[in-house]
DNA sequence: TTGACACATACCCATATCGACATATATTCT
DNA sequence: AGAATATATGTCGATATGGGTATGTGTCAA
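Structural data, given as C-alpha cells:
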C-alpha cells in the first residue's frame, strides 16, 4: 500500500511545504493564480496542481473572474488538524511548567543562600 | 522530484493516520512496542517502522528496558505544526463571528417586527 | 548453550508524488 | 476570426511509500 494520496485529507495536503506557502499567501487575502506564481517562484502548472489538491480537500475555493481565477482560503478545513494537534498541547505545557518550576526553585535557593551570607 | 520523505518533518510524519494513532496512544502514557501492536491491530514490523519514522523526526523517544523498548511521546515536535495551523485560527474565528453577528442581527430584526405589531 | 521472546531490519511490489515540459481550454482584445 | 493571455490538464521519470513476509539482533530463562 503506497502512501495515502495528498488529496485524502488536510493532513496529507498540508504536508507539502509549497502548499503551506500557498495557504499562507492566501491567508493574507484572495489572490489570482498568476499572483501566486509570481510570489512562490514556482512554474504555473505546479501552482495550478497544488491548488487542485487544496481544492479537493476543501482548503481553498476558486471563483472565476473573467479569465482569471481568484482563490480564497477556507481555513475551516484546518480545524481538524488544529484540534488534533491541540490534544498534545498539555504535554509541552507540562514541560514548560517543569522548566518554570525549576527556575522558581533555583530562584528560591538563591535567595536562601543570599540570606545566609 | 517525489514527495518529501515522511521523515523530513513532523508535517509529513503526521500525515499518516496510523502514526497519528500511535501518537495518540502514547499521549496517554508510555508503552512498549508489543502493547502498540495489540492496540493498533497492525503487524509488528509495520509498528516498528512507523516508530522509526516518528523517532527520526523526534516525535517519540525510545528507552530500552530489558528486551522491551518503551516509547514516549515528545510532543515538543508538534509545536511547529500547532503554531503553523494556529496562524489560520483567526480565519475560522472570523467566520464564527460572522455567524454570531448574523444571528444577533436576525434577533434584533425579530424584536423590531414584534414591537411593531 | 539452547530455545523462546521482543523488536528491528531487509526485501518485494503496486502506487501516488512532484517537477519539467508540452498542450488543451477558456476568455479577452483587435 | 485570429492572436494573446490566464489557467488547467496530460505525460514522463525518478523516487519514497506502506503493507506483507522473512530474517536478523539482542535479551532472558532453563
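Residue numbers (this note's numbering), protein chains in the order written: chain A, 1 to 117; chain E, 1 to 117.
Cβ coordinates follow ideal geometry from the N, Cα and C atoms, glycine included.
The structure displayed is predicted, hence computed values, not measured ones.
- Residue 70/E is bridged by DSSP to 32/E, 63/E.
- Annotated three-state conformation of residue 76/A is helix, per DSSP.
- In this structure, 30/E is the residue among 18/E, 3/E, 1/E, 30/E with its C-alpha nearest to the C-alpha of residue 63/E.
- When secondary structure is reduced to three states using DSSP, residue 42/A falls in the coil class, being assigned neither helix nor strand.
- The residues 23, 26, 27, 59, 60, in chain order, have a CB closer than 8 Å to that of residue 73/E in the same chain once the five nearest residues on each side in sequence are set aside.
- Interface annotation, residue 64/A: not in contact with chain E, CB-CB separation never under 8 Å.
- The C-beta separation of residue 53/E from residue 7/E comes to about 5 Å, placing the pair in contact by the 8 Å criterion.
- Cβ contact annotation for residue 32/A (same chain, cutoff 6 Å, sequence separation greater than five): 68, 70, in chain order.
- Within chain E, no C-beta atom comes less than 9 Å from the C-beta of residue 28/A; the nearest is roughly 10 Å away.
- Counting the other Cβ atoms within 10 Å of the Cβ of residue 77/E gives 16 or more, which makes it buried.
- Looking at the backbone, the Cα of residue 90/A and that of residue 65/A are separated by about 45 Å.
- When DSSP states are grouped into helix, strand and coil, residue 5/A belongs to the coil group.
- For residue 11/E, the uninterrupted alpha helix (DSSP H) run begins and ends at 10-13, by DSSP.
- Cβ contact annotation for residue 80/E (same chain, cutoff 7 Å, sequence separation greater than five): 10, in chain order.
- Under the DSSP assignment, residue 18/E falls in the alpha helix (DSSP H) whose first and last residues are 17-27.
- The C-beta of residue 75/E has 16 or more other C-beta atoms within 10 Å across all chains shown, which makes the residue buried.
- The Cβ neighbour count for residue 16/E, taken over all protein chains shown within 10 Å, is at least 16; the residue is labelled buried.
- Closest in C-alpha terms to residue 55/E, from the list 85/E, 3/E, 14/E, comes 14/E.
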